[in-house]
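In what follows, a single structure is set out as structure tokens and then discussed.
Residue numbers (this note's numbering), protein chains in the order written: chain A, 580 to 740; chain B, 22 to 504.
Structure (structure tokens):
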């Protein structure tokens, strides 16, 4: 499980990896906090929850991270604990294999390869931000593709700053 | 990866990526750049992103890329694309997250020499009145109904509330208000983000800067623009803050499903789009225009704040301290315009992302005083280097969708800049060169170091040699306020 900043000319980008999809989502959130340098206040934890439904895992990831952007900007909140649950009610099993027939889109090659329909539920704990080096303003879909690799799951995310 | 040999050289300042380069291209890419500037972007994804942009349905003519291009996400920064109205698509990603990010230039008759003893106080006062930085709130508080008026009316709202003059509006693109804005298509979440931020600069590469008019290249046009050699001017560079970012986020997300419904295939999900005449396309256009109006009002409020600062520092001490608006122009926007395509006048949606509208003489919508000169084009440099005032040309109308460059363009990644440059050192260096610096974040300052950008003079030489703009004046910074 981990993340690393990767070079991007105009904005910020993260490479994130984890054993499973849930871990990948949590690690992406931690990576975002590390990029922006968010430091949290001591004291009682603030709890928030987030639920989303989307036709693919990448959209769930963007929705989740965009929620964190909103909390940081609107409520001055960031989180350091995430309990992530994913589900795929329409799938016969929770296996995350690429469904046959949905991979690739012909002339553009490997674009738009998607995971099955799934839902996301995250319980988050955190606190008020006491200092922030820089704010992330948006989470992009640019070349966003969660991939299954020997490491488990990996993704590169580009943020607008 | 696109190589230099894949490009067709048209002249020393123009290149083409032919439509035959990739089978999904709908139009060619036309690049304004010298070979040296091109070579600076060959190892990033700028040109690949320009090729991806040519796959948008309904494109006409060619996709244009400016010499300050650099890698963005989905669509390259410095890109311009026009889609046929109304059947062609509108793409939020081809306009960008910071909808109507742009520049306003205000001119004074204060001579630098007379202002020098007051520059430090002026920088402090501007920093006080023009809130900047991460999480900073704006100079006014508005409730949601009032915000919706801002979204509908843009700078007209500022005029009604005493923050603008009639001349300010006349010297703002579209009079500071895009018609067709629909606040109902802006999410509650976007409104909540924007409500607290109206009248603030934000962070990143946004700034308020005091410059001196260092050189004049076209005295007649400079006089019309109100620019005097040796006198102070103020640039305000910012956009629609969190509101615009949320509008783009919302619609890029929503249109993911829409492209499938309309059978649109794209090489990058950030390019999602919808036909302009579809309900989804109409909704985005209404929301995008509302966000653009927010940005016009935002820069207008900051101009009002800058005027307060100038008044407090200079009123009673010298004459000519009033700040007159030269122009306010966007470089991230989608506009319905009429252009000549293959000898035919065609209504198109011009997507400009990191490219400035640069209408030539006689173009519709320019105030009477700029009808002969062409529109003022504001090209901010990187902090510590020159900025330029250019004028639009007829040639730009014919070859670049009435557009030109928007700045220096980044060349170094933010990650590398953070590791190689210390904010404190940079601040000392700038102060040593006589530039007063007020910055909220030292790491943020380091990311925006001049060495992270291309040479703005080389960018301007390219667009003027290619005749898609002409030189009017060069500005040199004397005080920079950054978040």
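We treat Cβ as the ideally placed atom computed from N, Cα and C, and that holds for glycine.
Expressed to the nearest angstrom, what Euclidean distance is found between the alpha-carbon atoms of residue i and residue j?
{"i": "residue 655 of chain A", "j": "residue 661 of chain A", "result": "17 Å"}
{"i": "residue 341 of chain B", "j": "residue 433 of chain B", "result": "40 Å"}
{"i": "residue 290 of chain B", "j": "residue 728 of chain A", "result": "22 Å"}
{"i": "residue 25 of chain B", "j": "residue 643 of chain A", "result": "40 Å"}
{"i": "residue 443 of chain B", "j": "residue 179 of chain B", "result": "39 Å"}
{"i": "residue 97 of chain B", "j": "residue 32 of chain B", "result": "22 Å"}
{"i": "residue 6 of chain B", "j": "residue 461 of chain B", "result": "Absent from the structure is residue 6 of chain B, since the part of chain B shown begins at 22 and ends at 504."}
{"i": "residue 683 of chain A", "j": "residue 140 of chain B", "result": "Only weak support exists for where residue 683 of chain A lies, its pLDDT of 35 falling under 50; the value from the coordinates is given anyway. Cα to Cα, residue 683 of chain A sits roughly 59 Å from residue 140 of chain B."}
{"i": "residue 359 of chain B", "j": "residue 83 of chain B", "result": "15 Å"}
{"i": "residue 241 of chain B", "j": "residue 308 of chain B", "result": "40 Å"}
{"i": "residue 106 of chain B", "j": "residue 448 of chain B", "result": "48 Å"}
{"i": "residue 681 of chain A", "j": "residue 635 of chain A", "result": "Unreliable placement is indicated for residue 681 of chain A, whose pLDDT of 39 sits below 50; the coordinate value is still reported in the next sentence. The straight-line gap from Cα to Cα measures roughly 11 Å."}
{"i": "residue 628 of chain A", "j": "residue 649 of chain A", "result": "13 Å"}
{"i": "residue 617 of chain A", "j": "residue 710 of chain A", "result": "6 Å"}
{"i": "residue 598 of chain A", "j": "residue 580 of chain A", "result": "7 Å"}
{"i": "residue 168 of chain B", "j": "residue 261 of chain B", "result": "13 Å"}
{"i": "residue 148 of chain B", "j": "residue 459 of chain B", "result": "7 Å"}
{"i": "residue 427 of chain B", "j": "residue 67 of chain B", "result": "15 Å"}
{"i": "residue 667 of chain A", "j": "residue 283 of chain B", "result": "25 Å"}
{"i": "residue 470 of chain B", "j": "residue 622 of chain A", "result": "37 Å"}
{"i": "residue 704 of chain A", "j": "residue 604 of chain A", "result": "15 Å"}
{"i": "residue 80 of chain B", "j": "residue 49 of chain B", "result": "10 Å"}
{"i": "residue 233 of chain B", "j": "residue 352 of chain B", "result": "23 Å"}
{"i": "residue 389 of chain B", "j": "residue 436 of chain B", "result": "46 Å"}
{"i": "residue 231 of chain B", "j": "residue 464 of chain B", "result": "22 Å"}
{"i": "residue 30 of chain B", "j": "residue 53 of chain B", "result": "10 Å"}
{"i": "residue 686 of chain A", "j": "residue 287 of chain B", "result": "Low per-residue confidence applies at residue 686 of chain A: pLDDT is 39, beneath 50, and the placement is therefore not dependable enough to give any value."}
Is residue i buried or exposed, if buried means 16 or more other CB atoms sit within 10 Å of its CB?
{"i": "residue 611 of chain A", "result": "buried"}
{"i": "residue 267 of chain B", "result": "buried"}
{"i": "residue 114 of chain B", "result": "buried"}
{"i": "residue 372 of chain B", "result": "buried"}
{"i": "residue 322 of chain B", "result": "buried"}
{"i": "residue 244 of chain B", "result": "exposed"}
{"i": "residue 630 of chain A", "result": "exposed"}
{"i": "residue 90 of chain B", "result": "buried"}
{"i": "residue 338 of chain B", "result": "exposed"}
{"i": "residue 22 of chain B", "result": "exposed"}
{"i": "residue 429 of chain B", "result": "buried"}
{"i": "residue 716 of chain A", "result": "buried"}
{"i": "residue 613 of chain A", "result": "exposed"}
{"i": "residue 319 of chain B", "result": "buried"}
{"i": "residue 92 of chain B", "result": "buried"}
{"i": "residue 165 of chain B", "result": "exposed"}
{"i": "residue 119 of chain B", "result": "buried"}
{"i": "residue 606 of chain A", "result": "buried"}
Can you find a C-beta in chain A that's less than 7 Å from the C-beta of residue i?
{"i": "residue 65 of chain B", "result": "yes"}
{"i": "residue 507 of chain B", "result": "The first residue shown for chain B is 22 and the last is 504, placing residue 507 of chain B beyond what the model contains."}
{"i": "residue 348 of chain B", "result": "no"}
{"i": "residue 462 of chain B", "result": "yes"}
{"i": "residue 155 of chain B", "result": "yes"}
{"i": "residue 352 of chain B", "result": "no"}
{"i": "residue 465 of chain B", "result": "yes"}
{"i": "residue 263 of chain B", "result": "yes"}
{"i": "residue 92 of chain B", "result": "yes"}
{"i": "residue 242 of chain B", "result": "no"}
{"i": "residue 436 of chain B", "result": "yes"}
Name the chain C residues that come within less than 9 Å of residue i, Cβ to Cβ?
{"i": "residue 41 of chain B", "result": "The chain labelled as chain C is not found among the protein chains of the depicted structure, namely A and B."}
For residue i, decide whether its Cβ has a neighbour in chain B, counting only Cβ atoms nearer than 7 Å.
{"i": "residue 612 of chain A", "result": "no"}
{"i": "residue 588 of chain A", "result": "yes"}
{"i": "residue 735 of chain A", "result": "no"}
{"i": "residue 716 of chain A", "result": "yes"}
{"i": "residue 598 of chain A", "result": "no"}
{"i": "residue 721 of chain A", "result": "yes"}
{"i": "residue 712 of chain A", "result": "yes"}
Spell out the partners DSSP gives residue i in its beta bridges.
{"i": "residue 355 of chain B", "result": "B:372"}
{"i": "residue 591 of chain A", "result": "A:738"}
{"i": "residue 283 of chain B", "result": "Its beta-bridge partners do not exist; DSSP assigns none."}
{"i": "residue 408 of chain B", "result": "B:496"}
{"i": "residue 660 of chain A", "result": "A:704"}
{"i": "residue 628 of chain A", "result": "A:702"}
{"i": "residue 153 of chain B", "result": "B:223"}
Whole alpha helix (DSSP H) runs in the region 169-250 of chain B with 4 or more residues, listed along the chain?
176-181, 187-191, 209-216, 240-246
Mind listing, in chain order, the continuous beta strand (DSSP E) runs of no fewer than 3 residues lying wholly within the region 64-131 of chain B?
84-94, 96-105
Please list the segments of the beta strand (DSSP E) lying wholly inside the region 707-734 of chain A, counting only runs of 3 or more residues, in order along the chain.
726-728
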